[in-house]
Ligand code: NOJ
């Protein structure tokens, strides 16, 4: 389906004042634009209720006048767009991209008469806009000192927020506060509950060659963009023509509806080359054994990444039906304090006890795909000088998946400390992605730049971390966290949460979870690379019955239907497998136990076997983690299920079509 129409307004004479309201295709969402006193402003409405009040737009520039005042309208172009496109992988097979668009061609009335375009798209699911600046005789490049984009939401709205500019990047627990209480800058997606009951999320799409957007309160109490600065204080150095990332305001009637908002992907371009080589992956890893102290990343007696261990894990993958294996700690750089070894980490030389040739050919013989690992510690100049060789080295060994990591508080480049989320970081992540593409390598980026939908254009960007994940278990992760992520972080794309740790009571890393909850994550947290994170012996010897779900669950979906939920309380979602007629349901709750009723009306006609993994009546995330009930029964679309989730628990269901 593809529909496209266009009206061009050639305004005879530039206008000093202008106002227009652009409606979404269904007429419920709208963006009002107003040019008044030389300034351009917008507001966002849903069902005629104002959700974002009159908000200013513009940019402060270093060494030049701001692009903000004295504006006139030269031309306005309105068009509509409607297409449905097929994803290579994801939460849905088909995504509809349907919006009304207005492009306002603005000019300064005096001075250098600089021009820029404000392009606005109004979807049923929200509003997006960006600044587009063409090259002009006296205006060829610019240094952005500050972007002045306001998002003037009611300051009594509640926000679920994590702080920006902190050493652990995005890896924080969320807090919920009224907007007027926000201190400092917060990351996006910033999800808000508006006093009218609508839910909003402010984020950005298509972030290239620019600092990423955080949000803070300005003097008039409005949220305003705070673009991550470079170490010299500038926000971005750009050559014209330049388009900023899209500024996005997702809007939904309720919180669960927000979770299927696809604006971020829709605002990115389709791929420009063939990506048929990209395949989602489920993988195990020589990984959690390090976290629980059985192995080490560093060389020595307990070194994890040895040839012997890698071959054992490959055999285990084969037995357990897992396609891939991650090996961390295989290269030189982990001995001593690895966090300070970043300047000299070596990505093409293995430790003496790890023979990559041998491991790679063993994996190949067994049909297991290796996942390589590059821990850069954020020393991107050291990494960039090895990058091409490092990818080539892996590709030569038929290793087509890589997990790069950027642990540490900074990106260090030529001795300068830059934020991961600054223009320097954004450019680096893009450079790495484009080189990975050249070598047909798929990525699972840890300590990444947040997702802005680039995986539509670069489908080999299979997943990323970019939030507090299970490595924080053992005291710093609370059950409510996974009931907030679907409505916040996950609006920006999939996450490698490192699910499936079944050794939940381990004395080194005791987890705040029940057993059933660990498998629920495969459904509640989308990721096109899903990790079966625990050690093979736990799956084979301790919990083979629970492990069965990990083996069965797919990583790419045909459809996604959020069923129930409240931010910070619970989340229940059903997804249909892309490769079969089967459906899966997952649910997680916060520290409180609750019973949920799921009507199965979304199923197709015919009978299904429901394999249900749920918390036992006495289960509890601290006191009784292992209590689980596994049951099988036949159901049809006329049935419903009542399922109890214990405090800090969850459930998983496979609905297998007869
Ligand atoms: C942090 C990553 O998130 C984790 O998965 C990895 O094991 C360590 N860094 C070491 O690279």
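Numbering (the numbering used here), first residue to last: 550 to 1207. Just so it is clear, CB atoms sit at the ideal spot from N, CA and C, and this is done for glycine as well.
For this session: Quick one: residues in its chain with C-beta nearer than 6 Å to the C-beta of residue 900, no 5 flanking neighbours on either side, listed in chain order?
Result: Taken in chain order, the residues that qualify are 848.
Problem set entry | Residue nearest to residue 702 in terms of C-alpha spacing, selected from 766, 690, 735 | Comparing Cα-Cα distances from residue 702 to each of 766, 690, 735, the minimum goes to 766.
Exercise. With respect to 7 Å, is the separation between the Cβ of residue 605 and the closest non-hydrogen atom of ligand 1 below this value?
Worked result: Result no, Cβ not under 7 Å from ligand 1.
Exercise. Are three or more beta carbon pairs between the segment 1183-1191 and the segment 1142-1155 nearer than 8 Å?
Worked result: A contact between stretches requires three or more CB pairs, one per stretch, nearer than 8 Å, and the segment 1183-1191 meets this requirement with the segment 1142-1155.
Exercise. Taking the continuous alpha helix (DSSP H) assigned at residue 585, which residues delimit it?
Worked result: Careful: residue 585 lies outside any alpha helix (DSSP H), inside the beta strand (DSSP E) at 578-585.
For this session: Give a yes or no on whether the C-beta atoms belonging to residue 1057 and residue 842 are separated by under 8 Å.
Result: Going by C-beta atoms, residue 1057 is nearer than 8 Å to residue 842.
Exercise. Is residue 554 helix, strand or coil when you go by DSSP?
Worked result: Note that residue 554 has pLDDT 47, beneath the 50 cutoff, so the model's placement of it is unreliable and no number is given.
For this session: Buried or exposed for residue 825, please, with buried defined as at least 16 other CB atoms from any protein chain shown within 10 angstroms of its CB.
Result: By the 10 Å Cβ count, residue 825 comes out exposed.
Exercise. Counting Cβ pairs, one atom from each stretch, are 3 or more of them under 8 Å apart for the segment 1123-1142 and the segment 1068-1085?
Worked result: Contact holds: three or more Cβ-Cβ distances are below 8 Å.
For this session: Could you have a look at residue 969 and say whether DSSP puts it in helix, strand or coil?
Result: Secondary structure at residue 969: coil, using DSSP grouped into helix, strand and coil.
Exercise. Are the CB atoms of residue 783 and residue 694 nearer to each other than 8 Å?
Worked result: The Cβ atoms of residue 783 and residue 694 sit closer than 8 Å to each other.
Problem set entry | Cβ-Cβ separation, residue 1103 to residue 827 (assumed contact under 8 Å), whole Å | Rounded, the Cβ-Cβ distance is 16 Å, inconsistent with contact.
Exercise. How about residue 1109 and residue 738: are their beta carbons less than 8 Å apart?
Worked result: Result no, Cβ atoms of residue 1109 and residue 738 do not sit closer than 8 Å.
Problem set entry | Rounded distance between the beta-carbons of residue 1099 and residue 1123, thought under 8 Å | Distance from residue 1123 to residue 1099 at the Cβ level is roughly 18 Å; contact not present, criterion being Cβ atoms closer than 8 Å.
Exercise. Does DSSP classify residue 1168 as helix, strand or coil?
Worked result: Residue state, collapsed to three classes: coil.
Problem set entry | CB contact flag (residue 1121, residue 1145, <8 Å) | The criterion of a C-beta distance shorter than 8 Å is satisfied by residue 1121 and residue 1145.
For this session: Just the C-alpha distance for residue 1003 and residue 1172, rounded to the nearest angstrom, thanks.
Result: When rounded, the distance between both Cα atoms is 42 Å.
Exercise. Near residue 897, what residues of its chain come up, given a Cβ to Cβ distance below 7 Å and the 5 sequence neighbours on each side ignored?
Worked result: Taking C-beta separations shorter than 7 Å and ignoring five residues to either side along the sequence, the partners of residue 897 in its chain run 935, 938, 939, 942, following chain order.
For this session: Can you say whether residue 885 is buried or exposed, counting buried as having 16 or more other CB atoms within 10 angstroms of its CB?
Result: Exposed is the label assigned to residue 885, since fewer than 16 other Cβ atoms lie within 10 Å of its Cβ.
Problem set entry | Same chain, Cβ closer than 8 Å to residue 1044, five either side skipped, listed in chain order | By the criterion of a C-beta distance shorter than 8 Å, residue 1044 is surrounded in its chain by 1012, 1013, 1014, 1015, 1016, 1018, 1034, 1038, 1074, 1075, 1076, once the five residues flanking it on both sides are discounted.
Exercise. What three-state label does DSSP hand residue 672 in the structure shown?
Worked result: Residue 672: strand per DSSP, three-state reduction.
Problem set entry | Alpha-carbon to alpha-carbon, residue 718 and residue 736 | So the two alpha carbons sit approximately 9 Å from each other.
Problem set entry | Length at least 3, wholly inside the segment 1040-1091: the beta strand (DSSP E) runs in chain order | Runs of beta strand (DSSP E) with 3 or more residues, each lying fully within the segment 1040-1091, are found at 1078-1080, listed in chain order.
For this session: Rounded to whole angstroms, what's the CA-CA distance from residue 804 to residue 687? Just pull it up for me.
Result: So the two alpha carbons sit approximately 47 Å from each other.
For this session: Pick out whichever of 889, 774, 724 has its Cα sitting closest to the Cα of residue 961.
Result: Out of 889, 774, 724, 889 has the C-alpha closest to the C-alpha of residue 961.
For this session: With DSSP as the reference, label residue 1127 as helix, strand or coil.
Result: DSSP, reduced to helix, strand and coil, places residue 1127 outside both helices and strands of the structure shown, so it counts as coil.
Problem set entry | Between the CA atoms of residue 1026 and residue 1083 - distance to the nearest angstrom | Roughly 17 Å separates the two Cα atoms.
Problem set entry | Residue burial classification, residue 1005 (beta-carbon count within 10 angstroms, cutoff 16) | Of the residues assessed, residue 1005 falls on the buried side of the cut-off, its CB having 16 or more other CB atoms within 10 angstroms.
For this session: Please determine, among 670, 676, 665, the residue with the shortest C-alpha to C-alpha distance to residue 684.
Result: Shortest Cα-Cα distance from residue 684 to any of 670, 676, 665 involves 665.
Problem set entry | Touch test, the segment 716-731 against the segment 622-641, Cβ-Cβ under 8 Å, three pairs minimum | By the Cβ criterion, the segment 716-731 is not in contact with the segment 622-641, since fewer than three pairs of Cβ atoms, one from each stretch, lie closer than 8 Å.
Problem set entry | Opening and closing residue of the alpha helix (DSSP H) in which residue 1111 lies | It is not in any alpha helix (DSSP H) - residue 1111 instead sits in the beta strand (DSSP E) that spans 1106-1115.
Exercise. For residue 995, is the beta carbon positioned less than 7 Å from some heavy atom of ligand 1?
Worked result: With a threshold of 7 Å, the Cβ atom of residue 995 counts as near ligand 1, since some heavy atom of the ligand is closer than that.
For this session: Return the chain-ordered list of same chain residues with a C-beta closer than 8 Å to the C-beta of residue 1022, the five sequence neighbours on each side being excluded.
Result: The residues are 1050, 1058, 1059, 1060, 1061, 1062.
For this session: Compute the Euclidean distance between the alpha carbons of residue 1112 and residue 646, then round it to the nearest angstrom.
Result: Roughly 23 Å between the two C-alpha positions.
Exercise. Whose C-alpha, out of 619, 572, 593, is nearest the C-alpha of residue 566?
Worked result: Measuring C-alpha to C-alpha distances from residue 566 to each of 619, 572, 593 identifies 619 as the nearest.
Problem set entry | In DSSP terms, what residue 622 is bridged to | DSSP lists 564, 655 as the bridge partner or partners of residue 622.
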